[in-house]
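K.L.:
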Amino acid sequence: MTTSLPNTSALNDIARALVAPRKGILAADESVPTAGKRLAPVGLENNEENRRLYRDLFFTTKGIGDYLSGVILFEETIGHKANDGTPFPQLLAEHGVIPGIKVDKGTVALAGFADEVITEGIDGLRERLQLFAKQGMKFAKWRAVILIDEKKGLPSEPCMRSNAGLLARYAALCQEAGIVPIIEPEVLYDKGNHSIEVAEQVTTAVLERVFEVVEAHRVDRSGLILKTSMVLAAQGFDGATWLR
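Using our numbering, the letters of the sequence shown map in sequence onto residues 422 to 665.
1) Please list, in chain order, all residues of the same chain as residue 593 whose beta carbon is under 6 Å from its beta carbon, the five residues on each side excluded.
2) For residue 560, list the residues DSSP reports as bridge partners.
3) Using the Cα positions of residue 526 and residue 456, report the straight-line distance between them to the nearest angstrom.
4) Hey, would you say residue 467 sits closer than 9 Å to residue 454, going by beta carbons?
5) For the segment 476-536, which segments carrying the alpha helix (DSSP H) assignment without a break, of at least 4 residues, lie completely within its bounds, in sequence order?
6) Round the Cβ separation of residue 523 and residue 450 to the nearest angstrom and send it over; I've been treating them as touching at under 8 Å.
7) Taking the beta strand (DSSP E) that residue 538 belongs to, which residues open and close that run?
8) Figure out for me which residue from 552, 510 and 608 has the closest Cα to the Cα of residue 733.
9) Please state if the CB of residue 569 and the CB of residue 576 are separated by a distance shorter than 9 Å.
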C-alpha cells in the first residue's frame, strides 16, 4: 500500500488560521451522554433532533466568525443540518469558521496498570480520516489522559509512552489525510492531591515523550497544534487555590 506525503504548506496554513489572534476554537464535540447532561436541566429529552437543535443555536449565532477560528464537531453532527437545511460543516465554512472533528473514542483501562487509562480509536482511523476529509473536516482532535498519584508512582512510564505513541500515530495519519491534528495530552488536576511543582514535572515529562515520538513518526510540527493542560495543584492539595 502506498500513501501520499502530506502537503505541509496547506497544513501550516490551516494551523495558523486556527490560532488566529483574538479567536478561539469551540469544543462542540460532546458525546451523546454528555449532551444529555446539557439538555436535562431545561427538561429536554436527549434525542438526535434535540442535539441538532442545541448545536444549531451555536452555529447560527450572528457574527460567530468574528470570534471563532474553528469548531470541533462530534461525529454525529457532521451529517446534521441547520434549520434552513444547510449542512453544519458548510454553514461554519460560510462564516469563516474551520470545521474539525473529534476522532478518539474515549479512554479504557490500560491492561496491567491499575488506575491508568489508554485512549481508543486508532483502529480504522486512516479510513475514517479519509472520509472526514471528503466531508470537509480540516482538523481533528485526540485526547490522552494522564493521572498523577505520587503514592502509587503514577503516571507510569509505560502509560506515558503508550499514550504518546498513539498521539503520534494519530497525528501522522491526520497529516497524511490533509487534516491538521490537535494533540491533547491532558494531565488531570481535578483528581489527586499533588502540588503544582509535581504537576509541572509530570507535564514536562509527558510533553517530552510526546514530542520525542512525534518527531520519530515524522510528523510536521508546523502543521500540528498542541492543546496542553493547565499546570495546577490538584484539587486535593492543601495549598490549591484554583477553586476558590
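Virtual Cβ for every residue (Gly too), placed ideally from N, Cα, C.
P.N.:
With the given structure in hand:
1) 638 and 640
2) 521 and 601
3) 16 Å
4) yes
5) 496-499 and 509-515
6) 4 Å
7) 538-540
8) Since the displayed the chain opens at 422 and closes at 665, residue 733 lies outside it and no answer follows.
9) yes
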